[in-house]
Amino acid sequence: GESVGLHLPTLSVQEGDNSIINCAYSNSASDYFIWYKQESGKGPQFIIDIRSNMDKRQGQRVTVLLNKTVKHLSLQIAATQPGDSAVYFCAERGGSQGNLIFGKGTKLSVKP
Amino acid sequence: DTEVTQTPKHLVMGMTNKKSLKCEQHMGHRAMYWYKQKAKKPPELMFVYSYEKLSINESVPSRFSPECPNSSLLNLHLHALQPEDSALYLCASSLSPGTSGSYEQYFGPGTRLTVT
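First to last, the protein sequences are chains X and P. Going by the working numbering, 350 is the number at position 103 of the first sequence; the sequence numbering is gapless. Going by the working numbering, 1144 is the number at position 96 of the second sequence; the sequence numbering is gapless.
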């Protein structure tokens, strides 16, 4: 069935290193993807999004890459900081009402 | 202002109680959502309101009753809940529910619900 999943449940990186969080999706018709950061006890916080007519989009210290051929999405965080420690979710637009289908999440831990 | 507010922050209720969760946004968004999130799991969609009308109900039990009094407010009425309903309940909003416009959803901080 349709699903959005993540390759790694946990990721530990050294402060200052770059982080890469991966996500696979199964619905080739998906036209919109979004990354959220969720810190403990808080709601998901928008990081960056990308439409299917793009391959790459950059924000402040973050880059999202979309490979439609293999149905793969990734989030790159440059110069990872302790404040980046959180669970990261990818999500795809589920339908015309804009509802999102979330992946399982990756917990990012940044070591000082 | 990209803020979605939710009250209360925490709620403990018995299985015979009736309570309500509230959500508010003043961004002019016309789509509002309720999600349920269990510990260490992703949010799962419950309901979608589009232009104050219920457009999606993800087969949610009737003990959860959503209400959208106006374009800025979204309520979730709770009655006769079960302990397994304990979770973080998240509200979100987006500009447009349709096929045009921004799909970005803004989430509130959630209500941590415990059913005893």
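For glycine and all other residues, C-beta sits at the position ideal for the given N, C-alpha and C. These numbers were taken from a predicted model, which means no experiment stands behind them.
Listed along chain P, no residue sits closer than 9 Å to N274/X by beta-carbon distance, the nearest being about 15 Å off. With respect to the C-alpha of S266/X, the residue from N346/X, D296/X, F336/X and I324/X having the closest C-alpha is I324/X. Chain-ordered, the chain P residues with CB closer than 7 Å to the CB of N346/X read Y1081, L1093, V1096 and I1104. Pairing L320/X with L312/X, the inter-Cα distance amounts to about 6 Å.
Going by C-alpha positions, E1051/P is about 8 Å away from M1075/P.
Only residues of its own chain outside the window of five on either side were considered, and among them E262, V357 and P359 have a CB closer than 7 Å to the CB of P329/X, listed in chain order.
Residue-level contact check: R304/X does not touch chain P, since none of the beta carbons of chain P fall below 8 Å from its beta carbon. Around G350/X, the beta-carbon contacts reaching into chain P at under 7 Å are P1090.
Any Cβ of chain P closer than 8 Å to the Cβ of I268/X would place that residue at the interface, and such an atom is absent. S299/X sits away from D331/X, with the two beta carbons spaced by 8 Å or more. Just so you know, the alpha carbons of G290/X and Q1073/P end up roughly 15 Å apart. In terms of beta-carbon proximity, G1156/P lines the interface with chain X, with at least one pair separated by less than 8 Å.
With respect to I294/X, K284/X sits close: the two C-beta atoms are nearer than 8 Å. Taken through DSSP and simplified to helix, strand or coil, D331/X comes out as helix. For P1090/P and T1055/P, the gap between their C-alpha atoms comes out near 21 Å. Boundaries of the beta strand (DSSP E) around M1080/P: A1079 to Q1085. Proximity of chain X to Q1073/P at the Cβ level (cut-off 7 Å) is not reached, the minimal Cβ distance being about 12 Å.
Sequence-distant Cβ neighbours of P1131/P in its own chain, meaning closer than 8 Å and more than five residues away, are M1063, V1163 and T1164. Under the criterion of beta carbons closer than 8 Å, Y1137/P and K1084/P qualify as touching, at roughly 6 Å.
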